[in-house]
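Residue numbers (my numbering): 143 to 649.
The C-beta atom is built at its ideal place from N, Cα and C for all residues, glycine as well.
Values in this document were obtained by computation on a predicted structure and should not be read as measured data.
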Ligand SMILES: Nc1ncnc2c1ncn2[C@@H]1O[C@H](COP(=O)(O)OP(=O)(O)O)[C@@H](O)[C@H]1O
Ligand SMILES: Cc1ncc(COP(=O)(O)O)c(N)n1
């Protein structure tokens, strides 16, 4: 292998210099603000000349201030006098006078790549292009390289009603491309269905269809702006439309998935333009990353649990009846107090949804406790066994955490009982055979509702921890780890009680 590197290798290719000519969005989700983030996320250097100032937010447009068109001309000339522009993305143009300025500038300084997002009406229904300027916009189309209309924009450009089927949309896109001689990226986001289809149609009629699963989210403000500026940037990098659009769509889907994590606005929030960059750089603590980290931080304890003679004997069926019954009796004793801790979490929960969730878990713990007595422990409702030292230590840890700590620590301490139990249970259930002495018990371990509750508990606690101060997060983790260690000791206790070695409770 040669040590020589090609100039087109990622990182060595020149950075595309991309100019957005568009309106503004002070909430940063659409317009030039979104374009600058998209260009940056796609590896380009973003610049912006403003066509109109828009007082808008995630709920809608309030008013538009259009500065004198001559001032747009001055901005454009100032940029092109100084900077070599590799690509232009054109967005909101607002009226015919602005369109005339852009048209004149393009005639003189035509950059190699020009993408036009024919912005007409915002998602909120407000006009971003005056209806009487539609003809001027149509006349601008042949001067660009790619047009990226959504369903209603494509309909307006071909002066027809909006397409309601994918074939109808493709047909309109073909005709627009043929009449303008320009490639069209027809976006199907406004059509129904779990899959979203977009299509690249060139003037020869060649069609490339692209589909992505529809992301269930309200964070769709500015998707059109973001996609078109990413495509303009990536067209410079890749030198062709198809790889540029494919890559931009993949990126946009990730940005859409992470949009709601930003908590921006009460209406349709923005996509998270830099989600992928942040994930790669590891700069942002997301709930998912935190959960992964906490799980890894108790890998030693989990490995010890898997290696315990009790867990192995439960899996292969060699566990003695007496030890199994003792374990169940301890579990029942534990669950009674665990339910009180969950009820306390419910009492302290900051939202109704969390309050309901923990209350449901408390009730479920009690139902399981009763089932243990009635079904497995000979029908008695009253515990006959005294709590062993580990059961006492575990319950004391939980109760001390509720006494000393806040809501965040209580739920962190409660989490291992869900998470470790569900994890061990799923693996134990794989050992189930019809003649396994504990077959029925192994089935209850891998209960689907319990797996669902576990996923919710992990999500709730990790979201809380990711949003807490480092001090609170540290206390949450300490409570979590202590419970994980006690889970291990709880699984060890049934067999350890015979050898007199006692539990090893971590301090
Ligand atoms: N919920 C979603 N999930 C996945 N992709 C989406 C979603 N909403 C929009 N997109 C994608 O974002 C781009 C722009 O969407 P669209 O709604 O069609 O246009 P506009 O934002 O201009 O109204 C398209 O490529 C579309 O496929
Ligand atoms: C300045 C400006 N340009 C474009 C849009 C369209 O946004 P969307 O993609 O949500 O329709 C917008 N709301 N504001």
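Which first and last residues belong to the beta strand (DSSP E) in which residue i is found?
i	result
residue 549	No beta strand (DSSP E) holds residue 549; the alpha helix (DSSP H) holding it covers 549-571.
residue 374	Unbroken run through residue 374 is the alpha helix (DSSP H), 365-380; no beta strand (DSSP E).
residue 353	349-355
residue 340	337-343
residue 328	325-329
Looking at residue i and ligand 2, is the gap between the Cβ and the nearest heavy atom below 7 Å?
i	result
residue 234	yes
residue 167	yes
residue 395	no
residue 196	yes
residue 270	yes
residue 172	yes
residue 325	no
residue 374	no
residue 300	no
residue 265	yes
Helix, strand or coil for residue i? Go by DSSP, reduced to three states.
i	result
residue 229	strand
residue 188	strand
residue 202	strand
residue 162	strand
residue 145	Annotation note: pLDDT 37 at residue 145 (below 50); position unreliable, coordinate value reported separately. Three-state DSSP puts residue 145 in coil, outside helix and strand.
residue 269	strand
residue 256	strand
residue 429	helix
residue 461	coil
residue 197	strand
residue 211	helix
residue 385	helix
residue 644	With a pLDDT of only 49 at residue 644, under the threshold of 50, the placement of this residue in the model should not be trusted, and no figure is reported.
residue 132	The structure shown has nothing for residue 132, since the chain only spans 143 to 649.
residue 263	strand
How far does the alpha helix (DSSP H) with residue i in it extend, from its first residue to its last?
i	result
residue 534	531-546
residue 280	276-282
residue 456	451-458
residue 641	612-641
residue 502	494-513
residue 297	293-299
residue 605	590-608
residue 422	417-423
residue 346	First-last for residue 346: undefined, no H or E at that position.
residue 313	308-322
residue 172	No alpha helix (DSSP H) contains residue 172, which DSSP labels as neither H nor E.
residue 243	238-250
residue 584	581-587
Less than 7 Å between the CB of residue i and some heavy atom of ligand 1, yes or no?
i	result
residue 357	yes
residue 336	no
residue 329	yes
residue 332	yes
residue 366	yes
residue 362	yes
residue 311	no
Between residue i and residue j, which are expected to be in contact by the criterion C-beta below 8 Å, what is the C-beta distance as a whole number of angstroms?
i	j	result
residue 162	residue 190	5 Å
residue 481	residue 508	5 Å
residue 365	residue 344	About 23 Å separates the two Cβ atoms, so there is no contact after all.
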